[in-house]
Amino acid sequence: MKFFKVYGRVLALLAPDRNVAIGLAVASLALAGLQFLEPVLFGRVVDVLARSSQMERSAVWAEAFALLTLWISVGLSGIGANTAVALLADRMGHRNRLLVMHDYFQHVLSLPLSFHGDTQSGRLMKVMLVGSDNLFGLWVSFFREHLTTFIAALVLLPLTLAMNWRLGLLLIALVVVFCVLSAYVISRTQTAQERVEWLHSRLAGNAQDALSNVVIVQSFTRLGYEAGLFADTMKQLLDHQFPVLNWWAVVAVLTQAASSVTVILIFLLGTWLHINGLATVGEIVSFMGFATLLIGKLQSAVSFASRLVFQMPSLEEMFSVMDSKSSVPERPDARDIGRAKGEVAFESVGFAYPGGPPILRDITFTAAPGRTLALVGQTGAGKSTAMSMLQRLWDPNEGRITLDGHDLRDLTLMSLRRNIGVVFQESMLFNRTIRENLLVGRPDATEADLELACREAEAFDFIQRQPKGLDTLIGERGTTLSGGQRQRLAIARALLKNPPVLILDEATSALDAATEARVQKALVRLMSGRTTFIIAHRLSTVRDADEILVFEQGSVAERGSFSELVALDGLFAALVKTQLAPATAA
Ligand SMILES: Nc1ncnc2c1ncn2[C@@H]1O[C@H](COP(=O)(O)OP(=O)(O)O)[C@@H](O)[C@H]1O
Ligand SMILES: [Mg+2]
C-alpha cells in the first residue's frame, strides 16, 4: 500500500542514524513498561490498604515500604529514559532533516533543464522546505511520543489480560473503537486533503512566479490580477480544508465520549466482578489507571495518524522530485576527455522535444578546431536547440554529435561541459559580488587572472568605477548593471573558463549599436583560438564566419561563406537584402 511505502521510506531515511533509532526504540519500550507499571503499583497499594485491618501493623509497613521503593525506582528510571529519548530524538531529527535538504538540493540542481523548464522554482523550494519540515516533525514526535503508544497498544495491552481478562477485553475494545473510527475518517478525508496540499504548492509556485517578475507585474499594472489569483487559490484551499476539519472535530467529540463510556463501563463491570469475588479493588483501580493512560495516548496517536495522512502528499511530492531521473544519463563507463582540441561534428542529427513535433531534421556539419561557424535563420528555426544539444542538455533522437570524434554520450557530462563556454542574450548572473560571478568561470583564478580577463572583456573600467570594485554586489540577475556591462561580465567569465568550444547565442542581440561595438571587440578576443558557434540576427556579425549555416524549419537549407551565399541569391541573400534595405532607404 502507498501509505506503508511512503512511511517505510520516511523511516529508511534515518539509516545513517540506525543505531540511535534502535536505541530510541529500546528506550521507548522501557518507557511504555514504566508507564504501565504505575497503575499496577497504585492498585497494589489500594489492595494493601484494603487488607490492612486483617494484617499485623509491621507487615503492612513492610509491604508499603517495598511498594514505595519500587515506585521511586520506576519514577527515576522514567525520568532517565524520558531525558535520553528527548535528547536523542531531537538531535537525530535535526541532523537528518538537513541531510535530506542537502541531498534534495544537490539532486534538483543536477536535474536536466527539461525538468526545470516544466517546474516552477518556487514549487521546488516549497516542496523541499515543507517536505523536510514534515519529516522532522514526524521523526521527532514518533520517537519521542508515539512509539511508546504503539508499543503500549501492541505489547502491554495483551498483558493486562493476564491480570484480569474481562477488564482487559474492555480496554482492547476501547482501542479497537479508536482505530476503526480514525481509519474511517482518514479514508473519508484523504482526497480532499490531497487537493489541499496541491493547492498549497500552487500558491507557492504562483507567488514565486509573480515575485520573480515583479517588474512586469508593476509596469503592466497586474497587481490586482496577481493578488486576485492568490486570493482565488486561497479560497479554493479553504473550501477543501474546512470539510476535513469538520470530520476531525467529529472524531474529537466521539473519542471523548468513548473515553467516558469506557471509564463508566470499567466501574460497572468492576463492581459486578468484585461482588462476585472475581476482581480485587486494587485491580479495578489499576484498570481505571490503564484506561486513563490509554485514552490520553490514543487521542494524541489519532492526531498523529491524521498528520501522517495529511502530510503524505507533501512527502510523496518530495520523494517524486528526489526520484526524477536525468534524461541525459551518464554511462557507467563514460570517460573524461580532458581538454578537447575542439572538433565538433553533427552527423544526421534529428530531434524532437518529448511529445512535440520534430524540431531538427538531418543536421550535418563539421567544425574544425578554431573555426567559426554561424547559425542564422528565423526565430524558431531550431538554432538554439541544436546548440543545447551540443552541451548535451538533450540527446539526439537520430544520428550523433561528436567532440574530437567521441560521441557526446560516451563522455562524462562534467568533462563535456568544462570544454564548452556559452554566452547567452541574457547574461544570467548570480545575486552575488562581481568577483564571485567571475570565479564561476574558474574558481582558482588569481587576482591577476581576473584583471586580465576583465581588461580583455572591456569590463575593467566600469568595474573600477563600482563603489567596491570587484566586491560590489550586483543584485538579483545583475539588475544594478546595464545590459552591455552584464554581457561584458559574462564574456570575462567565459574568458576565465577558457574553453576550446564556444557558443554565442544572440550574445549581442539585446544591445544598442554603440554598446554592441564595444562588446563585439571583447567577443572577438574571446573567440580567438576557439571553435565558435555564433547565432546572430544581425548579419554584419557573421560576415567573418568560416561557414554559415542557414536554418529553415529545422533543416540546413543553405551553407557556405558570406560571399558564396550572397552569390547563391537564395534565402540568405534575401535576409541580407531586408537587413540592408532600411539603411539604403535612409
Ligand atoms: N524546452 C522546449 N520544449 C519544447 N519546445 C521547445 C523548447 N525550446 C524550444 N522549443 C521549440 O523548438 C523550436 C525551435 O526553437 P529554438 O531552437 O529556440 O529556435 P531558434 O533558436 O532558432 O529561435 C521552436 O518551435 C520552439 O517553440
Ligand atoms: Mg534561439
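All you need for the numbering used here is the position in the sequence shown, starting with 1, plus 64. Think of the CB as a built atom: it goes at the ideal place given N, C-alpha and C, for glycine as much as any other residue.
**OP:** Find out if the Cβ-Cβ distance for the pair residue 630, residue 614 is shorter than 8 Å.
**Re:** If you number the sequence shown from 1, residue 630 lands on position 566. If you number the sequence shown from 1, residue 614 lands on position 550. It is not a contact, given that the beta carbons lie outside the stated cut-off.
Subject >> beta-carbon residue 592 near ligand 2 non-hydrogen atom, thresh 7 Å >> reply: Position 528 of the sequence shown, counted from the start, is the residue given in the question as residue 592. Because no heavy atom of ligand 2 lies under 7 Å away, the Cβ of residue 592 does not count as near it: no.
Subject >> Helix, strand or coil at residue 80 according to DSSP, with G and I counted as helix >> reply: Sequence index remark: in the sequence shown, residue 80 carries index 16 (1-based). Looking at residue 80 - three-state DSSP - the assignment turns out to be helix.
Original post:
Within the present structure, is the beta-carbon of residue 573 separated from the nearest heavy atom of ligand 2 by less than 7 Å?
Top reply: Along the sequence shown, read from residue 1 onward, the residue named residue 573 stands at position 509. Ligand 2 has no heavy atom closer than 7 Å to the beta-carbon of residue 573.
Subject >> Cβ neighbours of residue 72 in the same chain (closer than 7 Å, five flanking residues each side left out) >> reply: The sequence position of residue 72 within the sequence shown is 8, counting from 1. Within the same chain, no residue comes within 7 Å of residue 72 by CB-CB distance, once the 5 residues on both sides are set aside.
Subject >> Nearest-angstrom Cα separation, counted from residue 178 out to residue 238 >> reply: Residue mapping note: residue 238 aligns to position 174 of the sequence shown, counting from 1. Residue mapping note: residue 178 aligns to position 114 of the sequence shown, counting from 1. So the alpha carbons of these two residues sit roughly 53 Å apart.
**OP:** State buried or exposed for residue 594, treating a residue as buried only when at least 16 other CB atoms are found within 10 Å of its CB.
**Re:** What you label residue 594 is simply residue 530 of the sequence shown in a count that begins at 1. Residue environment analysis places residue 594 among the buried positions, since at least 16 neighbouring C-beta atoms fall within 10 angstroms of its C-beta.
Original post:
Leaving out the 5 sequence neighbours to the left and right, which residues in its chain are closer than 8 Å to residue 440 when beta-carbon positions are compared?
Top reply: Counting from one through the sequence shown, the residue named residue 440 turns up at place 376. Within the same chain, residue 440 has close Cβ partners 447, 599, 600, 601, 603, 606, 612, 613, 614, 615, 636 and 639.
Subject >> residue 294 - DSSP class collapsed to helix/strand/coil >> reply: Here residue 294 refers to the residue found at position 230 when the sequence shown is read from its first residue. Helix, per DSSP.
Subject >> Exposed unless 16 or more other CB atoms sit within 10 angstroms - verdict on residue 143 >> reply: Numbered from 1 along the sequence shown, position 79 holds the residue referred to as residue 143. It counts as exposed.
Subject >> Neighbourhood of residue 459 by C-beta, 6 Å cutoff - its chain only, sequence neighbours within 5 removed >> reply: Taking the first residue of the sequence shown as 1, we reach residue 459 at position 395. Shown here for residue 459: same chain residues with a beta carbon closer than 6 Å to its own, the five before and five after excluded, namely 392 in chain order.
Subject >> Coarse secondary structure for residue 400, derived from DSSP in three states >> reply: Here the question's residue 400 lines up with position 336 in the sequence shown. Reduced to three states, the DSSP call for residue 400 is coil.
**OP:** Return the Cβ separation of residue 479 and residue 401 in integer angstroms, given the expectation that the two are a contact with Cβ distance under 8 Å.
**Re:** Against the sequence shown, residue 479 aligns to sequence position 415. Against the sequence shown, residue 401 aligns to sequence position 337. Indeed, because the Cβ distance is near 5 Å, the residues count as touching under 8 Å.
**OP:** Check whether the Cβ atoms of residue 380 and residue 70 lie closer than 8 Å to each other.
**Re:** On the sequence shown, position 316 is the one that residue 380 refers to. On the sequence shown, position 6 is the one that residue 70 refers to. Result yes, Cβ atoms of residue 380 and residue 70 sit closer than 8 Å.
Original post:
In angstroms, rounded to a whole number, what distance separates the CA positions of residue 398 and residue 573?
Top reply: Start at 1 with the first residue of the sequence shown, and residue 398 comes out as number 334. Start at 1 with the first residue of the sequence shown, and residue 573 comes out as number 509. Cα-Cα distance, rounded: 37 Å.
**OP:** Would you kindly work out how many angstroms separate the C-alpha atoms of residue 197 and residue 189, rounded to a whole number?
**Re:** To locate residue 197, count along the sequence shown from 1; it is residue 133. To locate residue 189, count along the sequence shown from 1; it is residue 125. Spanning the alpha carbons of residue 197 and residue 189 requires a straight line of approximately 12 Å.
**OP:** Specify the secondary structure class of residue 70 as computed by DSSP and reduced to three states.
**Re:** Here the question's residue 70 lines up with position 6 in the sequence shown. In the structure shown, the three-state DSSP call for residue 70 is helix.
Subject >> Buried or exposed by the 16-neighbour rule on C-beta atoms within 10 Å, applied to residue 280 >> reply: Here residue 280 corresponds to residue number 216 of the sequence shown, with the count starting at 1. Exposed.
**OP:** May I ask you to list the residues that DSSP assigns as paired with residue 409?
**Re:** By one-based count along the sequence shown, residue 409 stands at place 345. DSSP lists 430 and 466 as partners of residue 409.
Subject >> beta-carbon residue 599 near ligand 2 non-hydrogen atom, thresh 7 Å >> reply: Here the question's residue 599 lines up with position 535 in the sequence shown. Correct: residue 599 has its Cβ closer than 7 Å to ligand 2.
Subject >> Cut-off 7 Å between Cβ atoms - residues of its own chain near residue 561, not counting five sequence neighbours on either side >> reply: Here residue 561 refers to the residue found at position 497 of the sequence shown. 485, 505 and 506.
**OP:** Say whether the region 480-500 touches the region 565-579, bearing in mind that this needs 3 or more beta-carbon pairs closer than 8 Å, one atom from each stretch.
**Re:** Two segments are said to touch when three or more pairs of C-beta atoms, one from each, lie closer than 8 Å; by this definition the region 480-500 touches the region 565-579.
**OP:** Give me whichever residues DSSP pairs with residue 613 in a beta bridge.
**Re:** In the sequence shown, residue 613 corresponds to position 549, counting from 1. Answer is 439 and 623.
Original post:
Among 80, 212 and 383, which one has its Cα closest to the Cα of residue 158?
Top reply: Numbered from its first residue, the sequence shown carries residue 158 at position 94. That would be 80, whose Cα lies nearest to the Cα of residue 158.
**OP:** Report, in whole angstroms, the separation of the C-beta atoms of residue 438 and residue 609, which I expect to be a contact under 8 Å.
**Re:** Indexing the sequence shown from 1 puts residue 438 at position 374. Indexing the sequence shown from 1 puts residue 609 at position 545. Between residue 609 and residue 438 the Cβ distance is about 4 Å, and since that is below 8 Å, they are a contact.
Subject >> Distance CB(residue 84)-CB(residue 163) smaller than 8 Å >> reply: For the purposes of this step, residue 84 is identified with residue 20 of the sequence shown, where counting begins at 1. For the purposes of this step, residue 163 is identified with residue 99 of the sequence shown, where counting begins at 1. Cβ atoms of residue 84 and residue 163: not closer than 8 Å.
Original post:
So does residue 585 have its beta carbon nearer than 7 Å to some heavy atom of ligand 4?
Top reply: Absence of ligand 4 from the depicted structure is noted, with ligand 1 and ligand 2 being the only ligands included.
Subject >> Limits of the beta strand (DSSP E) - the one that residue 569 falls within >> reply: In the sequence shown, the residue the question calls residue 569 occupies position 505. Residue 569 -> beta strand (DSSP E) spans 565-569.
Subject >> Span of the beta strand (DSSP E), counted from its first residue to its last, around residue 486 >> reply: Here residue 486 refers to the residue found at position 422 when the sequence shown is read from its first residue. In the DSSP assignment, residue 486 falls within the beta strand (DSSP E) that extends over 484-487.
**OP:** Determine the direct distance from the alpha carbon of residue 363 to that of residue 161, and round the result to whole angstroms.
**Re:** Within the sequence shown, numbered from 1, the residue matching residue 161 stands at position 97. Within the sequence shown, numbered from 1, the residue matching residue 363 stands at position 299. Roughly 27 Å separates the two Cα atoms.
Original post:
Is it the case that the CB of residue 448 approaches a heavy atom of ligand 1 more closely than 7 Å?
Top reply: For this step, residue 448 is matched to residue 384 along the sequence shown. At least one heavy atom of ligand 1 lies less than 7 Å from the C-beta of residue 448.
Original post:
Relative to ligand 1, is the shortest distance from any of its heavy atoms to the C-beta of residue 420 smaller than 7 Å?
Top reply: Translated into the one-based positions of the sequence shown, residue 420 becomes position 356. Checking the Cβ of residue 420 against ligand 1 gives yes.
Original post:
Helix or strand or just coil, what does DSSP make of residue 538?
Top reply: Along the sequence shown, read from residue 1 onward, the residue named residue 538 stands at position 474. Correct three-state label for residue 538: coil.
**OP:** Indicate whether residue 221 and residue 351 have their beta-carbon atoms separated by less than 8 Å.
**Re:** Taking the sequence shown and counting its residues from 1, the one referred to as residue 221 is at position 157. Taking the sequence shown and counting its residues from 1, the one referred to as residue 351 is at position 287. Cβ atoms of residue 221 and residue 351: not closer than 8 Å.
Subject >> Ordered list of alpha helix (DSSP H) runs contained in the region 155-190, each at least 4 residues >> reply: Listed in chain order, the complete alpha helix (DSSP H) runs (minimum 4 residues) inside the region 155-190 are 177-182.
Original post:
Where do the N-terminal and C-terminal ends of the alpha helix (DSSP H) with residue 596 fall, by residue?
Top reply: Counting from 1 along the sequence shown, the entry for residue 596 is found at position 532. Segment 595-599 is the beta strand (DSSP E) holding residue 596; no alpha helix (DSSP H) there.
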